[in-house]
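Engineer: Mind the numbering: the sequence shown is residues 1 to 763 in this note's numbering, read in order.
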Amino acid sequence: MGFRRSLALLVAGTLVPLLVFSVVAVHQYSRQRNAAAEHALLDAARVQVVALDKHFEATIAALRVLGTSEHLDAGDLRAFYRQCRRAIETREEWRTISLFDVSGRRLLITSESFGSSLPGPPQAMAEPFRRLVETAAPNVSDLFQSPVSHRHGVSVGVPIARGAGVRWVISAGMSADALGKLVASQRALPDSTVTLLDRRYRIVASSHGHQALGEFAPPRFVKIAAGTPEGISREPTPDGTSARTAFSRSAVFGWTASIAVPVSGGIVERPVQAILGVGVVLLLIGLAIAGWAGRRISRPIEALALAAKQIGRGETVQPVPSGITEVAALSAALVGASQDRARSEADLAQASERLRILHEIDRGIIAAETPVAIAEATVGRVRELMGVPRVILNLFDLEAGQAEWLAAAGRRRLHVGPGVRYPLALMGDVDALRRGELQAIDVDALPRSREAEALLASGVHAYVVVPMLAGGELIGALSFGDATGLFSPEQVSIAREVAAQMAIAIAQAQLHERIQRQAAELEQRVQERTRELEAANQELDAFSYSISHDLRAPLRAMQGFTEALLEDYGGRLDAAGKDYAQRVVAASRRMDLLIQDLLAYSRLSRTELPLETVSVETVVDEVCAQMATELKSRGAEIGVDRPLARVMAHRAVFGQVLTNLLSNAVKFVGPTTAPRIRIRTDVRGDWVRLWVEDNGIGIPPEHQERIFRVFERLHGVEQYPGTGIGLAIVQRGIARLGGRVGVESAPAEGSRFWVELKSAETR
Ligand code: ADP
1 MGFRRSLALL VAGTLVPLLV FSVVAVHQYS RQRNAAAEHA LLDAARVQVV ALDKHFEATI
61 AALRVLGTSE HLDAGDLRAF YRQCRRAIET REEWRTISLF DVSGRRLLIT SESFGSSLPG
121 PPQAMAEPFR RLVETAAPNV SDLFQSPVSH RHGVSVGVPI ARGAGVRWVI SAGMSADALG
181 KLVASQRALP DSTVTLLDRR YRIVASSHGH QALGEFAPPR FVKIAAGTPE GISREPTPDG
241 TSARTAFSRS AVFGWTASIA VPVSGGIVER PVQAILGVGV VLLLIGLAIA GWAGRRISRP
301 IEALALAAKQ IGRGETVQPV PSGITEVAAL SAALVGASQD RARSEADLAQ ASERLRILHE
361 IDRGIIAAET PVAIAEATVG RVRELMGVPR VILNLFDLEA GQAEWLAAAG RRRLHVGPGV
421 RYPLALMGDV DALRRGELQA IDVDALPRSR EAEALLASGV HAYVVVPMLA GGELIGALSF
481 GDATGLFSPE QVSIAREVAA QMAIAIAQAQ LHERIQRQAA ELEQRVQERT RELEAANQEL
541 DAFSYSISHD LRAPLRAMQG FTEALLEDYG GRLDAAGKDY AQRVVAASRR MDLLIQDLLA
601 YSRLSRTELP LETVSVETVV DEVCAQMATE LKSRGAEIGV DRPLARVMAH RAVFGQVLTN
661 LLSNAVKFVG PTTAPRIRIR TDVRGDWVRL WVEDNGIGIP PEHQERIFRV FERLHGVEQY
721 PGTGIGLAIV QRGIARLGGR VGVESAPAEG SRFWVELKSA ETR
């Protein structure tokens, strides 16, 4: 919601309840005032009735006094006429006095001369007259039109009795005017209209003059008034103005007095209307002021919101002019914030450029770039960041007492690579540099030299040398200079950072170079050794093959001749001779076995071994069949966890491997133990591991590696016969098939030999 609407709501929210309260209060007050006014009105009506009653009673009393006249008794009507004329003089409101006999004949009337012919009582009066005579009670007539004067009037008739009955009736005729005066003489309420009505509710007199004389009161008023002796009518007056009318009826004469005051006469609604009017005007004024004030506040606030957005976008902000203190303060704060932001952004930009340069150097280090390449990529940007005319990265040749440019950035030119050399003296105190201290050089104070001249010519009068140290060793320096030599801590700090990082880069590059050189040397040496080794191996293989091969012939001769000796000359040999001969036979057999094994072993490395898919299960079954006699003689029990996997192998070599493992498994058992062997495979990804597990004597962990070498045995031949080549064949054979071998064992807990070959299923 807008500020102006809020303010308008505030104003309305404050004023409207106030207005409602005022209206209710005034309405309440008005009602009370109305009630009081109506009460006063009713009182005034009562007063009128009382005054009317008194007037009529006074008239009656006066007529009664006249009735006591002796002229009447004496029958001297002329004298009585005169008496009546005199009486009329005394009472203004009396128009005529008449005397009637009980039959209704008019005996005299003061308005006519005595003795003239007289009209009877008006027709309308016949009935009242008869009742008057009958009841002998005085009577006030309703309004009637005089048959004599044709004017409206009323008459008060009083019966005059003599002895037991009524003899005459004296009546006083009163003009409506006279009653009007009576009404007027009563002090009524201001603006009120007093009306006298006869018993038939005809208007007899009105304080407002004659207009309505003789007319009947409005029927609605009559309806109300007929029902109750007194009360208030809120009916509008016949002329349409709304009014309150209080009325009271005389209990004696049946006449009604009414007093009407117009409602708009000022005592009822006006205050409420006034208050409402004033309230609405005040509300409008309040809303207008709220609108104006809202506009005055909301405009600068909108401007402030815009300024805040600008700050968000990183723009600079202008002050918002306003007479409102808070807005002015906020505006100043925003301007300050925008300036702060601009400053921080500049700082940030500088810091990130610093970081970028350092990162560039790091990247160079990681990518193993040369120091020259790293320096080339960064030195120009370092110069710009520092805001100096000249930045140089130097490498020191301490032995030669010289410094050499790695890279140099000037305003216009970038020099990269070695070649520019100059005396180390230009770098200041080398020992101080070694301690990591900065050197500030004043070019003007330097002894005259080609370099000093060149510096002065390029406008550099002072420069700072920042050492580059790697592992405590001084390897170079970063120097920067300008005409003044006044540098900010910020500039010095950038130079220090860059120098430190460059030192690492240079040291790293030197290290890298050295390692590469050494690696190349090493590689060459390894290749040479391998070649030598291969040659020696081949020689050895050829030698052992030929030896083995050549040895078998004399061995067989030895064996054959000794056997022949035993057969042909056995009878001539004594027991010892026979024993010797048999030992010779046994030894040569064993030697033949050894030679065969060695031949098999050396053959393994000499022949091509093409791989094919081999079913382990089939090979196991074949080997078991071949060894059936041996296994049976040893009471061995062999369990195969079928099915077994298929591997990539050379069938004959794999069969040899399995034979060697099985014969070891049945051989290396305790003297009283029946060998129990389990053969299984498990698939490990692309590989199949074949396990040959026995319940034999086991192998101590420290020997588990060496038993795979040639001639390595853990027992004497007497205890466990063998050549010590079986596992070497297993090892070399499996290696030639591209696999691995191993054993898991502990003494007296059996051994689990395994060979691992490529699975045939992955192909
Ligand atoms: P050989 O069986 O001819 O002695 P091998 O190369 O087959 O030669 O075995 C080397 C040595 O490893 C054996 O002498 C023996 O000490 C040990 N060895 C081999 N297989 C087993 C086995 N299943 N249980 C215990 N020791 C074994």
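Note that the Cβ used here is the ideal one computed from N, Cα and C, for glycine as well.
One question on the structure: do Gly323 and Leu7 come within less than 8 Å of each other, judged by their Cβ atoms?
Structural biologist: No, these two residues do not count as a Cβ contact at 8 Å.
Engineer: For the candidate residues Ile638, Ala760, Ile361, Thr316, whose alpha-carbon lies nearest to that of Ser344?
Structural biologist: Ranking Ile638, Ala760, Ile361, Thr316 by Cα distance to Ser344 puts Thr316 first.
Engineer: Whose CA, out of Glu705, Lys578, Thr59, Leu598, lies closest to the CA of Leu540?
Structural biologist: Of the listed residues, the one whose Cα sits closest to Leu540 is Leu598.
Engineer: According to DSSP, simplified to helix, strand and coil, what is Ala205?
Structural biologist: Here Ala205 sits in strand by DSSP.
Engineer: Can you tell me the Cα-Cα spacing of Ala161 and Thr245, whole angstroms?
Structural biologist: Using only the alpha carbons, I get a separation of about 41 Å.
Engineer: Which partner residues of Asp397 appear in the DSSP bridge assignment?
Structural biologist: The partner list for Asp397 (beta bridge, DSSP) reads Gln402.
Engineer: Roughly how many angstroms lie between the CA atoms of Tyr463 and Thr378, to the nearest whole one?
Structural biologist: Near 19 Å, if we compare the C-alpha coordinates of Thr378 and Tyr463.
Engineer: So does Leu690 have its beta carbon nearer than 7 Å to some heavy atom of the ligand ADP?
Structural biologist: Leu690 Cβ: outside cutoff for every heavy atom of the ligand ADP.
Engineer: Where does Tyr463 fall in DSSP's three states?
Structural biologist: Reduced to three states, the DSSP call for Tyr463 is strand.
Engineer: Please give me, in chain order, every unbroken run of the alpha helix (DSSP H) with length at least 4 that falls completely inside the segment 708–738.
Structural biologist: Correct list: 726–736.
Engineer: When DSSP labels each residue in this structure, what does Trp255 get in the three-state scheme?
Structural biologist: Coil.
Engineer: Out of Asp397, Gln123, Val156, which one is the CA nearest neighbour of Asn139?
Structural biologist: Nearest of Asp397, Gln123, Val156 to Asn139, Cα basis: Val156.
Engineer: Nearest to Ile301 by alpha carbon, out of Met558, Thr325, Val730, Met468?
Structural biologist: Among Met558, Thr325, Val730, Met468, the Cα nearest to that of Ile301 is on Thr325.
Engineer: CB-CB under 6 Å to Gly265, same chain, minus the five flanking residues each way: which ones, in chain order?
Structural biologist: Confidence is the limiting factor: at Gly265 the pLDDT is only 46, short of 50, which leaves the residue's position unreliable, though a coordinate-based value still follows. Excluding positions up to five away in sequence, the list reads Asp191.
Engineer: Could you tell me how far apart the beta carbons of Leu478 and Val498 are, in whole angstroms, since I believe they sit closer than 8 Å?
Structural biologist: Their Cβ separation, rounded to whole angstroms, is 6 Å, which keeps Leu478 and Val498 in contact under 8 Å.
Engineer: Would you mind giving the Cβ-Cβ distance between Leu334 and Ile494, rounded to the nearest angstrom? I have them listed as a contact below 8 Å.
Structural biologist: Contact flag wrong, Cβ pair sits at about 33 Å.
Engineer: Assuming Glu608 and Trp687 are in contact, meaning their beta carbons sit under 8 Å apart, how far apart are those beta carbons, in whole angstroms?
Structural biologist: With a Cβ gap of about 23 Å, Glu608 and Trp687 do not count as contacting.
Engineer: If we ignore side chains and look at the alpha-carbon of each, how far apart do Ser663 and Ala628 end up?
Structural biologist: Rounded to whole angstroms, Ser663 to Ala628 spans 11 Å at the Cα level.
Engineer: Residues in its own chain within less than 7 Å of Glu38 by CB, not counting five upstream and five downstream?
Structural biologist: Closer than 7 Å at Cβ, skipping near neighbours: Ile232, Arg244, Ala246.
Engineer: Do the segment 512–523 and the segment 570–584 touch if we need at least three Cβ pairs shorter than 8 Å?
Structural biologist: Contact fails: fewer than three Cβ-Cβ distances are below 8 Å.
Engineer: Which residues share a DSSP beta bridge with Asn139?
Structural biologist: Beta-bridge pairing links Asn139 to Gly157.
Engineer: Comparing C-alpha positions only, which one of Glu451, Leu424, Met502 sits nearest to Val382?
Structural biologist: The residue with the shortest Cα to Cα distance from Val382 is Met502.
Engineer: Tell me whether the beta-carbon of Arg199 lies closer than 8 Å to the beta-carbon of Asp142.
Structural biologist: Cβ distance < 8 Å, so Arg199 and Asp142 count as in contact.
Engineer: Three or more beta-carbon pairs under 8 Å between the segment 703–717 and the segment 609–624, yes or no?
Structural biologist: No: the two stretches stay apart, fewer than three of their Cβ pairs being nearer than 8 Å.
Engineer: Helix, strand or coil for Pro423, going by three-state DSSP, please let me know.
Structural biologist: Of the three classes helix, strand and coil, the one that applies to Pro423 here is strand, per DSSP.
Engineer: Any contact of the segment 394–401 with the segment 484–491, i.e. 3+ C-beta pairs under 8 Å?
Structural biologist: The segment 394–401, when compared against the segment 484–491, does not touch it at the 8 Å Cβ threshold.
Engineer: Would you tell me roughly how many angstroms separate the C-alpha atoms of Ile506 and Arg363, rounded to the nearest one?
Structural biologist: Answer to the nearest angstrom: the Cα atoms are 13 Å apart.
Engineer: Tell me whether the beta-carbon of Gly733 lies closer than 8 Å to the beta-carbon of Gln656.
Structural biologist: Going by C-beta atoms, Gly733 is nearer than 8 Å to Gln656.
Engineer: If you compare alpha carbons, which of Ala760, Gly476, Gln491 is closest to Asp429?
Structural biologist: Of Ala760, Gly476, Gln491, the residue nearest in Cα terms is Gly476.
Engineer: Can you look up His549 in the DSSP assignment and give me helix, strand or coil?
Structural biologist: His549: helix per DSSP, three-state reduction.
Engineer: Could you give the DSSP three-state label for Gly265: helix, strand or coil?
Structural biologist: With a pLDDT of 46 at Gly265, under the threshold of 50, the predicted position of this residue should be treated as unreliable, and no value is reported.
Engineer: Quick check: the Cα distance between Phe769 and Ala509, rounded to an integer number of angstroms?
Structural biologist: Residue 769 falls outside the range modelled here, since the chain spans only 1 to 763, and no answer is possible.
Engineer: Does the distance from the CB of Ala212 to the CB of Ile203 come in under 8 Å?
Structural biologist: Yes. Within cutoff.
Engineer: Is it right to say Val268 is buried, meaning 16 or more other beta carbons lie within 10 angstroms of its own, or is it exposed?
Structural biologist: For Val268, the predicted structure reports a pLDDT of 47, less than 50, and the residue's modelled location is therefore unreliable. A value from the coordinates is still provided. Burial call: buried.
Engineer: Please work out which residues of its chain come closer than 6 Å, Cβ to Cβ, to Gly380, disregarding the five sequence neighbours upstream and downstream, and give them in chain order.
Structural biologist: So the qualifying residues of the chain are Ala409, Leu414.
Engineer: Rounded to a whole number of angstroms, what is the C-alpha to C-alpha distance between Ala600 and Thr673?
Structural biologist: When rounded, the distance between both Cα atoms is 31 Å.
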